[in-house]
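There are 2 protein chains.
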Amino acid sequence: MTYTLHQGDALGVMSRLPDDSVDALITDPPYNSGGRTSKERVSRTARDKYTSGTVNTLADFPGDQKDQRAYTRWLAEILTEGYRVTRPQGLAVVFCDWRQGPATSDALQMAGWLWSGTLSWIKPACRPRKGGFRQSCEYMFWGVKGSLDSSRDLYLPGHFTGSQPRKGRVHITQKPVELMRDLVRVCVPGGTVLDPFTGSGSTGVAALLEGRQFVGIEVTPHYWQIADTRLAEVERDLASRPSDPPVQEDTTAATAPAST
Amino acid sequence: MTYTLHQGDALGVMSRLPDDSVDALITDPPYNSGGRTSKERVSRTARDKYTSGTVNTLADFPGDQKDQRAYTRWLAEILTEGYRVTRPQGLAVVFCDWRQGPATSDALQMAGWLWSGTLSWIKPACRPRKGGFRQSCEYMFWGVKGSLDSSRDLYLPGHFTGSQPRKGRVHITQKPVELMRDLVRVCVPGGTVLDPFTGSGSTGVAALLEGRQFVGIEVTPHYWQIADTRLAEVERDLASRPSDPPVQEDTTAATAPAST
DNA sequence: TACTGGTATGAATCGGATA
DNA sequence: GTATCCGATTCATACCAGT
Chain A
9 MTYTLHQGDA
19 LGVMSRLPDD
29 SVDALITDPP
39 YNSGGRTSKE
49 RVSRTARDKY
59 TSGTVNTLAD
69 FPGDQKDQRA
79 YTRWLAEILT
89 EGYRVTRPQG
99 LAVVFCDWRQ
109 GPATSDALQM
119 AGWLWSGTLS
129 WIKPACRPRK
139 GGFRQSCEYM
149 FWGVKGSLDS
159 SRDLYLPGHF
169 TGSQPRKGRV
179 HITQKPVELM
189 RDLVRVCVPG
199 GTVLDPFTGS
209 GSTGVAALLE
219 GRQFVGIEVT
229 PHYWQIADTR
239 LAEVERDLAS
249 RPSDPPVQED
259 TTAATAPAST
Chain B
9 MTYTLHQGDA
19 LGVMSRLPDD
29 SVDALITDPP
39 YNSGGRTSKE
49 RVSRTARDKY
59 TSGTVNTLAD
69 FPGDQKDQRA
79 YTRWLAEILT
89 EGYRVTRPQG
99 LAVVFCDWRQ
109 GPATSDALQM
119 AGWLWSGTLS
129 WIKPACRPRK
139 GGFRQSCEYM
149 FWGVKGSLDS
159 SRDLYLPGHF
169 TGSQPRKGRV
179 HITQKPVELM
189 RDLVRVCVPG
199 GTVLDPFTGS
209 GSTGVAALLE
219 GRQFVGIEVT
229 PHYWQIADTR
239 LAEVERDLAS
249 RPSDPPVQED
259 TTAATAPAST
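Structure below.
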C-alpha cells in the first residue's frame with residue numbers, strides 16, 4: 009500500500025485532484041469551537057482554547073478562528089470538493105464535537121452528500137463537569153455520494169470507545185489508530201482514503217495498516233513532516249512483511265468490539 | 009414522593025402550569041423522523057416506521073407526522089412553555105434520534121435554553137446495516153435556564169448504555185428505567201421533574217425512585233392509564249418502605265457506571 | 001507475568017479580577 | 001460596562017514503577 013502526502017491548503021490541493029479518484033473521505037477538521045462567546049472562539053489560538061489549564065508542548069494548529077456561519081460555509085466548500093473527488097457510492101466521515109454537530113450536518117448536505125448517520129466516539133477519560141453532565145463523546149457524521157453499496161458484505165459498528173493517545177502524542181487532537189482502523193474499513197479494500205486535514209497522520213497510518221491507499225493534505229510544515237515520517241515507517245514495516253494484507257472484503261472487526 | 013399526571017395535549021396543559029414551578033424538564037417527544045423522504049415520514053404511522061419487520065401489538069401514538077420545519081417550530085413552542093415553567097438554573101433534557109439532532113438543538117435554543125451539551129444513549133442491541141455503520145445511539149440534548157448551579161456537588165456521566173426493555177414493554181419508544189434514573193439526578197433531590205410526553209411513564213417512575221416529584225402529561229388515554237397504574241404502584245411501594253429516600257445531594261451513581 | 005498503588009492529564013468550564 | 005485574562009476545579013483513566 010502506498011501513500012501521497014501533499015503539503016498545502018486543503019481547498020487548494022483538493023481542487024487539483026481528479027474527479028472520482030478516491031473511495032472515502034475521512035477527516036477531522038479544526039472544530040472552531042471552544043469558548044463561551046463568539047469573541048472568545050475567534051480570538052484565541054486552538055492551543056489556548058483546547059489545552060487551557062494543562063501544560064503541554066504540542067504545536068498549535070491554524071484555522072480555528074471562524075464563527076459559526078463562516079465555519080459552515082468553509083466546511084461546505086471543503087466537503088463539496090471532497091464530493092467531486094470521491095467516486096459514486098463513496099463515503100464521507102467527518103469528525104465534530106457536540107457544538108458543531110448541526111453545522112457539520114448542514115455542511116455535509118450542502119455539499120451534496122446524503123447524510124446517513126451519526127457515530128459516537130466515547131472518550132472514557134475526559135474532564136468532569138460540576139453540576140451537570142460531562143461531555144464524554146465526539147461525533148462522526150457520515151454520508152454517501154449517491155446510495156450505499158448494499159452489495160458489500162460489511163457491517164460496521166455505530167459507536168466506538170477509546171482514549172486519546174497519551175504516550176507519544178504529537179498533536180492536540182490526535183486520534184487513536186485503533187479507532188481510525190475501524191473507520192477506514194468503509195473504504196473498499198485496496199481503495200483510496202482521502203484526509204484533507206491529515207495532522208499527525210493517524211488516518212493514513214490506519215489506512216495503510218488496513219490495506220487501503222492514502223492521500224493526505226496538511227498545511228503545517230511541522231505536522232506534514234511528522235505525518236510523513238509516521239507513514240513512511242508504516243509503509244516500510246508493511247513492505248518487510250512476508251505477504252501483503254488480503255485485498256478481499258474483511259468482514260471481521262479490525263479491533264475488539266467497540267464497547268468494552 | 010408524589011406525582012401528578014395530567015391527561016391532555018402537552019401545550020394546552022403546560023400553558024396552565026405556573027411559572028418556575030418545576031426543577032427539570034426531561035422528555036422524549038415524538039421524533040417525526042423515520043423515513044428518508046417527507047412522504048415516507050408522513051404517510052406511515054409511528055408504529056409502521058419504528059417497528060418494521062417485527063410484529064407487535066403496542067398501541068400507536070399520535071403527533072408523528074410533521075416535516076422538519078414544522079417539527080422544529082412545534083418543539084420550540086413546547087420547550088418555550090417548558091422554559092417558563094422551569095425555575096432559573098433548572099435543566100432541560102430532550103431525547104432525539106440522529107436525524108433530529110439539528111432540529112432539536114435549534115428548538116432548544118429558540119426556546120431560550122442555553123444549549124450545554126449532548127449525551128449519547130448507546131443501545132447495544134440494534135439492527136446492523138449492510139454496507140455501512142449501524143445506528144446504535146440515540147441522543148439527549150440538554151440545556152440550562154440561565155447558568156448551571158456550580159455549587160451542586162454533582163458530576164454526571166456523558167453517555168449511557170442500556171437496551172430498550174423487552175420484558176413487560178408497553179410502549180414503542182419505552183426507555184430503560186435505569187437510564188432515566190441517571191437522568192433525573194440533574195433535578196435537585198426532592199425537586200420536581202416535568203415530562204410533557206409521559207408515554208408509559210418511565211421518567212416518572214425513575215423520578216419517584218430517586219426521590220424527586222413528578223408532573224406528567226399524556227394525551228393518549230390508553231398510555232395515560234398505563235402510566236398512572238405504574239406510578240401509583242411505585243408510590244405505594246415507596247410508601248410501604250420503613251423510611252423515605254434521602255433528600256440530600258446524592259453523589260453516588262444511581263446505577264453501575266455507564267459503559268459496559 | 002500479574003497485580004497494586006501512586007501520579008499525571010484531558011479539543012473544558014467557570015467565576016472573578018484586571019485592563 | 002465590556003473584553004480579556006487567569007487560575008481553581010474535578011473524576012476516570014492511562015501510564016509507570018515497584019512488588
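Order-wise, the sequence lines are chains A and B. Okay, so the first sequence: first residue is 9 according to our numbering, each after it adds one. Okay, so the second sequence: first residue is 9 according to our numbering, each after it adds one. Ideal placement from N, C-alpha and C gives every residue a C-beta, glycine not left out. Treat the numbers as computed from the prediction; the structure is a model and nothing was measured.
What residues of chain B sit near A:Lys175, judged by a beta carbon separation below 8 Å?
What A:Lys175 touches in chain B: nothing, since even the nearest Cβ is about 22 Å away.
At what residues does the beta strand (DSSP E) containing B:His230 begin and finish?
Element bounds for B:His230: not the beta strand (DSSP E) but the alpha helix (DSSP H), Pro229 to Ala247.
Who are B:Leu164's beta bridge partners in DSSP?
A:Phe141
Based on the DSSP output, what are the partners of A:Phe149 in its beta bridges?
A:Val102 and A:Thr126
CB contact below 8 Å: A:Ser46 versus chain B:
no
Less than 8 Å between CB atoms is the rule here; does A:Thr3 satisfy it with respect to chain B?
Look at the range of chain A in this structure, 9 to 268, and you will see that residue 3 of chain A is not part of it.
What would DSSP say about A:Thr35, mapped onto helix, strand or coil?
strand
Under the three-state DSSP convention, the category A:Gln221 falls into:
strand
So A:Leu127 contacts chain B; which residues on that side make the cut at Cβ distance below 7 Å?
Phe141
Run through chain A and tell me which residues come within less than 8 Å of B:Cys195, C-beta to C-beta.
Result: empty, since nearest Cβ-Cβ is about 12 Å, beyond 8 Å.
Taking a Cβ distance cut-off of 8 Å, strictly less, list which residues of the segment 225-246 of chain A are near chain B, in chain order.
none
Which value, in whole angstroms, describes the spacing of the CA atoms of A:Gln182 and A:Tyr79?
21 Å
Contacting residues, own chain, Cβ-Cβ under 6 Å from A:Cys195 (five flanking each side not counted):
Asp31, Ala32, Val201 and Arg220
Would you say B:Ile234 and B:Leu66 are within 8 Å of each other, going by their C-beta atoms?
no
CA-to-CA distance, B:Gln143 to A:Gly125, given in whole angstroms:
7 Å
Can you check the segment 48-83 of chain A for any alpha helix (DSSP H) of at least 4 residues that lies completely inside it and give the ranges in chain order?
54-58
Are A:Asp36 and A:Phe168 closer than 8 Å when you measure CB to CB?
no
Could you list which residues in chain A have their beta carbon closer than 8 Å to that of B:Tyr39, in chain order?
Within 8 Å Cβ-Cβ: nothing; B:Tyr39 doesn't reach chain A, min ~14 Å.
For B:Gln153 versus B:Thr211, is the C-beta distance shorter than 8 Å?
At residue 153 of chain B the sequence reads Lys, which differs from the Gln that was named. Against a cut-off of 8 Å, the Cβ pair of B:Thr211 and B:Lys153 comes out as no contact.
C-beta neighbour in chain B for A:Leu216, strict 8 Å
no
So, is the C-beta of B:Arg249 closer than 8 Å to a C-beta in chain A?
no
Which term fits B:Val101, buried or exposed, when burial requires 16 or more other beta carbons within 10 angstroms of its beta carbon?
buried
Closest by CA to B:Thr88, which one among B:Trp232, B:Ser23 and B:Arg174?
B:Ser23
Listing by chain order, which chain A residues have their CB less than 9 Å from the CB of B:Gly199?
By Cβ distance, chain A contributes nothing, its closest Cβ being about 14 Å from B:Gly199, past 9 Å.
Locate the beta strand (DSSP E) running through B:Gln15, then write down its first and last residues.
Tyr11 to Gln15
Counting only beta-carbon atoms, is B:Asp157 nearer than 8 Å to chain A?
yes
Following the continuous alpha helix (DSSP H) through A:Val201, name the residue where it begins and the one where it ends.
Looking at the DSSP string, A:Val201 is not in any alpha helix (DSSP H); the run it does join, the beta strand (DSSP E), is Thr200 to Asp203.
List, in order along the chain, the chain A residues whose C-beta lies closer than 8 Å to that of B:Pro136?
Tyr163
At the 8 Å Cβ level, is A:Ser144 part of the contact set with chain B, yes or no?
yes
Look up B:Arg95 in the DSSP assignment and say whether it is helix, strand or coil.
strand
Neighbour list for A:Arg77 in chain B, Cβ cutoff strictly below 7 Å
Under the 7 Å cutoff, chain B gives no residues; its nearest Cβ is about 15 Å from A:Arg77.
State the Cα-Cα distance for the pair A:Leu19 and A:His230, rounded to the nearest angstrom.
19 Å
Per DSSP, which one or two residues make a beta bridge with B:Glu226?
B:Gln15
With a 10 Å radius around its C-beta and 16 neighbouring C-beta atoms as the bar for buried, classify A:Gly61 as buried or exposed.
exposed
Taking A:Lys275 as the reference, give the member of A:Val227, A:Asn64, A:Gly224 and A:Met148 with the closest Cα.
Missing from the structure shown is residue 275 of chain A; chain A here goes from 9 to 268 and no further.
Test item: CB-CB of B:Lys138 and A:Ser155 under 8 Å:
no
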